[in-house]
Structure formats: C-alpha cells, structure tokens
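Note sheet for the following structure.
There are 2 protein chains.
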Amino acid sequence: MPRTFSWTEVNAVSERRRLDVLRAIVEDYVRTREPVGSRILTERHKLGVSPATVRNDMAALEEAGLIAQPHTSAGRVPTDKGYRLFVDQLAEVRPLTVPQKRAIETFLSEAVDLDDVVARAGRLIAQLTGHVAVVQYPSLRRSGLRHLELVPTGDNRVLVVVITDTGRVEQRFLDVPGTLDDWTLGELRARFNAAAAGRRLTELGSAFSSLADAVPEEHRALVTAVAEVVTAALSEESEERILLTGQANLARSGMGFEQGLRPVLEALEEQVVLLGLLTEMTDEAGVAVSIGHENRVAGLSETSVVTAGYGSSDGDNVAILSSIGPTRMDYPGTIAAVRAVARYLSRVLPG
Amino acid sequence: MPRTFSWTEVNAVSERRRLDVLRAIVEDYVRTREPVGSRILTERHKLGVSPATVRNDMAALEEAGLIAQPHTSAGRVPTDKGYRLFVDQLAEVRPLTVPQKRAIETFLSEAVDLDDVVARAGRLIAQLTGHVAVVQYPSLRRSGLRHLELVPTGDNRVLVVVITDTGRVEQRFLDVPGTLDDWTLGELRARFNAAAAGRRLTELGSAFSSLADAVPEEHRALVTAVAEVVTAALSEESEERILLTGQANLARSGMGFEQGLRPVLEALEEQVVLLGLLTEMTDEAGVAVSIGHENRVAGLSETSVVTAGYGSSDGDNVAILSSIGPTRMDYPGTIAAVRAVARYLSRVLPG
DNA sequence: GATTGGCACTCGGTCGGTGAGAGTGCTGGA
DNA sequence: TCCAGCACTCTCACCGACCGAGTGCCAATC
Numbered sequence: 001m002p003r004t005f006s007w008t009e010v011n012a013v014s015e016r017r018r019l020d021v022l023r024a025i026v027e028d029y030v031r032t033r034e035p036v037g038s039r040i041l042t043e044r045h046k047l048g049v050s051p052a053t054v055r056n057d058m059a060a061l062e063e064a065g066l067i068a069q070p071h072t073s074a075g076r077v078p079t080d081k082g083y084r085l086f087v088d089q090l091a092e093v094r095p096l097t098v099p100q101k102r103a104i105e106t107f108l109s110e111a112v113d114l115d116d117v118v119a120r121a122g123r124l125i126a127q128l129t130g131h132v133a134v135v136q137y138p139s140l141r142r143s144g145l146r147h148l149e150l151v152p153t154g155d156n157r158v159l160v161v162v163i164t165d166t167g168r169v170e171q172r173f174l175d176v177p178g179t180l181d182d183w184t185l186g187e188l189r190a191r192f193n194a195a196a197a198g199r200r201l202t203e204l205g206s207a208f209s210s211l212a213d214a215v216p217e218e219h220r221a222l223v224t225a226v227a228e229v230v231t232a233a234l235s236e237e238s239e240e241r242i243l244l245t246g247q248a249n250l251a252r253s254g255m256g257f258e259q260g261l262r263p264v265l266e267a268l269e270e271q272v273v274l275l276g277l278l279t280e281m282t283d284e285a286g287v288a289v290s291i292g293h294e295n296r297v298a299g300l301s302e303t304s305v306v307t308a309g310y311g312s313s314d315g316d317n318v319a320i321l322s323s324i325g326p327t328r329m330d331y332p333g334t335i336a337a338v339r340a341v342a343r344y345l346s347r348v349l350p351g
Numbered sequence: 001m002p003r004t005f006s007w008t009e010v011n012a013v014s015e016r017r018r019l020d021v022l023r024a025i026v027e028d029y030v031r032t033r034e035p036v037g038s039r040i041l042t043e044r045h046k047l048g049v050s051p052a053t054v055r056n057d058m059a060a061l062e063e064a065g066l067i068a069q070p071h072t073s074a075g076r077v078p079t080d081k082g083y084r085l086f087v088d089q090l091a092e093v094r095p096l097t098v099p100q101k102r103a104i105e106t107f108l109s110e111a112v113d114l115d116d117v118v119a120r121a122g123r124l125i126a127q128l129t130g131h132v133a134v135v136q137y138p139s140l141r142r143s144g145l146r147h148l149e150l151v152p153t154g155d156n157r158v159l160v161v162v163i164t165d166t167g168r169v170e171q172r173f174l175d176v177p178g179t180l181d182d183w184t185l186g187e188l189r190a191r192f193n194a195a196a197a198g199r200r201l202t203e204l205g206s207a208f209s210s211l212a213d214a215v216p217e218e219h220r221a222l223v224t225a226v227a228e229v230v231t232a233a234l235s236e237e238s239e240e241r242i243l244l245t246g247q248a249n250l251a252r253s254g255m256g257f258e259q260g261l262r263p264v265l266e267a268l269e270e271q272v273v274l275l276g277l278l279t280e281m282t283d284e285a286g287v288a289v290s291i292g293h294e295n296r297v298a299g300l301s302e303t304s305v306v307t308a309g310y311g312s313s314d315g316d317n318v319a320i321l322s323s324i325g326p327t328r329m330d331y332p333g334t335i336a337a338v339r340a341v342a343r344y345l346s347r348v349l350p351g
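Chains A and B supply the protein sequences, listed in that same order.
Using this note's numbering, the letters of the first sequence correspond one by one to residues 1 to 351.
Using this note's numbering, the letters of the second sequence correspond one by one to residues 1 to 351.
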C-alpha cells in the first residue's frame, strides 16, 4: 500500500473500522477533553484490534485530515472536518428522556408573556446543553395590525405602540411638530384604528394614504409620520433583537479555548454579525450545525453553532434559536436539546 | 510611638501624607495592575519624602487594614476598606469631557423605542467604563393605565396587553375557559377600556370589581381573571427585567480575578439576586458604590458595583443602572460615566 | 494482505535547585 | 520626625534531568 492514503483503496471492513475509530476518538475526546491515544482507545472501546492497528488507522485518518495531533507524541484530536463527518454520518440521534421533555413543556407553558417565553427558552437551552444560548425574538413577518396606540410623553413626543394579531408589540418614539392636545390625539387614534386595524402589513400603505387624504390639512404631516413609523416598525428590515444567556457556561468549559474566551464573548456581543451568521446557516427545516472554522465569524472559529428555526408548524420559520459551545461538544445531545426546545416553542407560540 | 497604630496619635501633616500615599497606591495599582512598592511610589508621585518614610506610612496603612501585601516582599495592594476610603474621601470627581457628554446625549436620543433606550444605555455604560453594564428596565410604579388590549391567540388563550401612560407595555398570556368569539372579546375590550383607562394602578381594583358586577354572569370569571392579570402585571411585585451587556470586558480586565471569571459570570446570571443587590444598595439620589466583599452576593466579592437610579428628575427613581467591574477599577471615571448616563437617561425618558 | 508485537524515538510536563530582583522591616543616626 | 543602610524573605524565571505517553516503522505472524 502506498504511503498516501485514499479512501477508495481500502476495503469495506477496513473503512468501517476506521470510521469506528473516528467515532471513538470524538466521543472520548468530548468526554475527557484530552487527546486520545491508541492504547486507551482499544481499552475503552471494543474495537477488536490491537493498538498497533489502531495506529495505522489513525495515520490514515490524519492523512485524510479528520484528526490531528497537537504535537508529536500526543494523542489525536478531531479536526473540524472530523467533527463534520461525525455529525453527518456517525452520530446517533439520542432523543431526550421523557422527564426532560416534560420539563421543557411545563417550563415553557408557564411563561407569562412573549418576552418570558423567549427568556425561558434561552434558559432551557443554556441548561440542557451547557453552552451559550441565543434566541432571536419572533419576527413580525406575516402578521396583521391589531391595535395602534398613541401615547403622549410630554415635550413634543408621542409614543406609537403597535400590537399585531400574533401578540407582538412594538413601540416607537416619534417627534411631533408643535403641540398636540389630548383630544386631537384621541381623534387621530380612533381614525388610525378604524383605518388600519385588522389589515395586513402589505395593505397598510394604501390604508394610511387614504387616511391622510381624509384628515384635516394641519394633521396630515403627523399622519404620514405615524404611518412611516408603523410600517418601518413592522417591516422585516427592523433590526431583530436577540437574547443571550448562559455565558457562564463558557467559563466552565471554556478553559479549553486556545485563544481564551475573550474573542468568543466579543463575537457574541456583535449582535448584528451573530444574527447574520445564524440566519445564513439555519436550514429550512430541522437542525443545522456549523463547526469551528465553518463559522465565518472571527471569534467563533473554536466554537460550534447548533441552530434550529422555530415559530410555525408548517416549516416557515419565524425566528431562530441556537446553542453555541466549544467544537468539542456533545453534538447528539446538543442537537436533541435544540430540536426539542424549538419544537415545543413552536407549539406554545401563538400564531 | 507604640507599635500599634492609631489614627488619633498622628498629627495632621502625617495623616495627610498617609492619605496621599494611599491615594498614590490606589491610582498606581489601578493603572498598572501590579502591587506597588515604596520605591516606585516615590519615583512616580511627588511625595517629597524617601522610600523609607513611605514604608513607615505603608506599615501604618496596613495596620489600619487599608492596604495589604499579597505575599512577603511584594508591593502593597489596596484592600476593600482602602478602596472605600479612597472613594469616600480621596477620589476627585473627574467629569466627562464635553464630546463624551454630547456623544451620550445623541446616542440616547437616537433610540427608536423604550427597549432601545435601555439597550443603548447599556452599551454606553459598557463602553465608557469598560466593565459590565446592568440596566433595569423602567418600572411601572406610579403609572396609570392607558389602554388595554385583548388579543386572541387561538387554542383558548388570550393575550392581554397593557399600555401605561408612561409608555411602558406589558403583555400576559391568559388561559380562558371555553371558547370566546371575537364579538364578545371586542365588547369586553371596550368595557375594560371604558372602565379602566386613565386610572391609576391604585384605583384599578374598585374599577374592575364594579365592572365585574355590570357584566353578564357568564363572563364574570373572565373579567376577574383579566383584572387579576392586569393588576399583577402592574404591581411592583412583578419581577423586573434587566439587561446585561459588556461581559466581554470582563474577559479583558478579568484575567486579574483570583477565582477566574466563572463565579462572576454566574452571579451575573442570577438576575433576581443581582437585582436585589442593586436595589438594596442604590441610594435615594446620586451614585452608590459597593466594593468587593461589601457585595453580599457570592461571586461578586472581587468586583465593585457602581449604581445610580434614573427615571425622574425629582429624585424618585424608577429604575437602576449600574456598572460592575473588578475592585481594581477607575472609580472616578466609572462614577462619572454612570452618573452622566443616568442623568441623560432621565432626561430622555418620558414621564 | 491485514494484523500484531517490539523497539527506538520524540516531546511535553513535572520536579528540584539556583540566582536575580524586588520589597520589606528594623536599627541607628541626623 | 525623617532617612540611609542592611539583612532577610519571598516570588519568579530559568535550567536540566527525568518520566511517561504516544508515535512510526519494521519484521514476524495469521
């Protein structure tokens, strides 16, 4: 056999064992956090071969870029590519236990409002996976307008409150020209609600413009201003908010980071970038995993991100939730937890 | 002079110099993060005396519990008590620069809604102080009811949305018995608003009970349920929410923590405990500082907390904002930043 | 041809010792 | 009251040696 290794040259039984070795390496390394050598591997897993044979397999795996050794004469460690193969082909799904599922269900259903649902989902993910949890607040897409409230807040400002029929509430400050007495404001509020309540976002434009025509000259500017604010608030453009929790978990497992956790924490605080990453990687349905350098975000090259969409049962996701931890993570467990929480979240959420 | 030191035994000039030495130690240690010795002290500060004299003063300061040495033949480090004295008597206020103030003002005034104001305040604190920022969302105290909305969310659930006249919005899920048609819901909504709009929290009880009497038998249970939810949501009891940001700053300066940052991060995630600490320490007016072990919270014994109330100009605070960093922090700078942000926040906020 | 035992080799981590440096406390004198 | 000098202590960085884990290769075996 030539020195350069190629998967096509080995027979089926050899290839199977090599993948077994890879799986064993991943599992052991995840558990012990230490490079794993050939001897220990044969002791802890029933591979049915001697350390020497395992060494040969390891050499092949290393040649293929699936494992690496931190330095000569240390054990092997999976590479990003190795984790990828493990996740795609080797990992066995490990569903949550019934008590766990029940705990998720009850904990989520005890939520007192929408923000609380998100907060609880975050805490669940953080606790179940032992990593950082990121939850995007449900987006406003495809919702209609339920009620529009104008609240004066003194000094020429009005607070515009928008309630959608999915129960989402958005608020926006609005500077108004000149003063505005309560009566006029009440009148405008009534008109707005008459014109817009029940309409979908897409229909709001025309509803508002016809309202602007029907309103006395001196309030026309205000009406268009409110209309702008409302459509802006409801448009998908409006920057989405995310919730971060479980950073303390990083400190626990995070001693293993080469670069320390500073870059990781910093990357997590770049909410826009982070949200972009999550959105980009999240699949249509199911759970998506991004490993190590697959994350294009600078500080996350030593972490893996597990995301799932949630929010609707018909596969058209409203928002994302994810778990971020070291590449050396328990993938089956993390995937199961993220999937389960996403599923229950979709069930609990209105709409 | 006897070996045991007592402040009353020294004359005025000596005492003054000793405090100068303490100030110099605090300032140097904050800057360099290294224990400071007598020689360096005389080199970097114009104390006008020799290292030997400084050593005597140091011995006295140590006797008084204001400084300590990590080990024999290392320089001195301020104790919590030393920082306390520094903050109370020695620190000179260092107001922010005009550009800084202007930056705060414009950054806050660009906020698009209430949540955004809080988020921006947090980012400001985190950036200006270089520590972790904690901002409590404005509380509901002393506000009246502006509007009450009932949104059906399918499967026997109603979302109750409460808008106060300070612009705060609270939402609560409510399980309703049986089904509820849209018309009835609309009717109830109108009645609720007629009965409760404009009322203060304290007046709501009677308003709701008389409403319950005036409503047909079959909806009485629903009305009382809604009334309960609303008063619960508005009562101060309702757990307050806080925003945390800038944890990455901990990793930067945090290498100095004896115990590592895990306990700190964990303490920060105990939101209830954290909020209790902040509430307890926050003074009526102005900025409060809690140093090291003065924080009764376990994980925060190596950190100092600087808080200020914000939200109203008449000294009756609505909520709290604070900066949490290592005890070895720049107290004058941190205090100035917290105070400034709190002040502008009070100005920007409605109410 | 795959597998295995044996063996030499490499390299990181640990341990003990050592020297330099920093800082202190103390003492005696101005 | 201050200060210069001195002996002492303790940490840290460095060095060398050693140990053990793990590897790669080779020849023998199934």
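Yeah, the Cβ is synthetic: ideal placement off N, Cα and C, and Gly gets one too.
Please read these numbers as outputs of a predicted model, since none were measured by experiment.
Taking a cut-off of 8 Å on C-beta distances, the segment 73-90 of chain A touches the segment 277-294 of chain A, as three or more cross pairs fall below it. Annotation: Cβ neighbours of A/His-147 in chain B (cutoff 7 Å, chain order): Glu-149. A/His-71 counts as exposed, since fewer than 16 other beta carbons sit within 10 angstroms of its beta carbon. Listed along chain A, the residues sitting closer than 8 Å to B/Gln-171 by beta-carbon distance are Asp-113, Leu-114, Asp-115, Gly-167, Val-169. In terms of CA proximity to A/Met-329, A/Val-77 leads the group A/Gly-167, A/Leu-201, A/Val-77. Two segments are said to touch when three or more pairs of C-beta atoms, one from each, lie closer than 8 Å; by this definition the segment 120-134 of chain A touches the segment 248-256 of chain A. When the five nearest sequence neighbours on each side are left out, the beta carbons in the same chain lying within less than 8 Å of the beta carbon of A/Arg-33 are those of Gly-256, Arg-328, in order along the chain.
Of the residues assessed, A/Gln-89 falls on the exposed side of the cut-off, its CB having fewer than 16 other CB atoms within 10 angstroms. Ranking B/Val-93, B/Gln-127, B/Asp-113, B/Arg-157 by CA distance to the CA of B/Ala-103 puts B/Gln-127 first.
Contact check for B/Leu-244 against B/Ile-125 fails: the beta carbons are separated by 8 Å or more. Shortest Cα-Cα distance from A/Ser-304 to any of A/Asp-80, A/Asp-175, A/Val-273 involves A/Asp-80. Residues of the segment 253-278 of chain B that bring their beta carbon within less than 7 Å of a beta carbon in chain A comprise Gly-260, Leu-261, Arg-262, Leu-265, Glu-266, Glu-269, in sequence order. Remark: three or more beta-carbon pairs, one from each stretch, lie closer than 8 Å, so the segment 105-116 of chain B and the segment 342-351 of chain B are flagged as touching. Put simply, the backbone Cα of A/Leu-174 is about 38 Å away from that of A/Arg-343. A/Arg-146: member of the beta strand (DSSP E) spanning 145-152, first to last residue. B/Leu-243 has a beta carbon lying at 8 Å or more from every beta carbon in chain A.
Inclusion of B/Arg-94 and B/Gly-333 in the CB contact set at 8 Å is warranted, their separation being smaller than that value.
Here A/Pro-177 is exposed: its Cβ has fewer than 16 other Cβ atoms, across all protein chains shown, within 10 Å. Listed by position along chain A, the residues whose Cβ is nearer than 7 Å to that of B/Val-161 are Ile-163, Val-169. Within the segment 194-220 of chain A, no residue places its CB atom closer than 8 Å to a CB of chain B.
Counting along the chain, the unbroken alpha helix (DSSP H) around B/Thr-279 starts and ends at 271-281.
Here A/Val-305 is bridged, per DSSP, to A/Ser-290, A/Ile-324. Of all residues in the segment 96-112 of chain A, only Ala-111, Val-112 come within less than 8 Å of chain B when Cβ atoms are compared, listed by chain position. By the neighbour-count criterion, in which 16 or more other beta carbons inside 10 Å mark a residue as buried, A/Glu-284 falls on the exposed side.
For A/Ala-342, no Cβ of chain B is located within less than 8 Å of the residue's own Cβ. Taken through DSSP and simplified to helix, strand or coil, B/Tyr-331 comes out as helix.
Interface annotation, B/Ala-248: in contact with chain A, CB-CB separation under 8 Å. Only residues of its own chain outside the window of five on either side were considered, and among them Val-160, Arg-172, Leu-174 have a CB closer than 7 Å to the CB of B/Val-229, listed in chain order. Between the beta-carbon of A/Leu-222 and that of A/Arg-189 there is about 11 Å, and that puts the pair past the 8 Å contact cut.
Around B/Pro-51, the same chain offers Ser-38, Arg-39, Thr-42 as residues with beta carbons nearer than 7 Å, after the five sequence neighbours per side are excluded. The CB of B/Ala-251 comes closer than 7 Å to the CB of Gly-260, Leu-261, Arg-262, Leu-265 in chain A, given here in chain order. Residue pairing by DSSP places A/Arg-76 opposite A/Val-36 in a beta bridge. For B/Thr-184, no Cβ of chain A is located within less than 8 Å of the residue's own Cβ. Minimum Cα-Cα distance from A/Arg-123 among the listed residues A/Val-135, A/Leu-114, A/Asp-113 corresponds to A/Val-135. Residue pairing by DSSP puts A/Ala-68 in a beta bridge opposite A/Val-77.
Between B/Thr-231 and B/Leu-278, the C-beta spacing is not below 8 Å.
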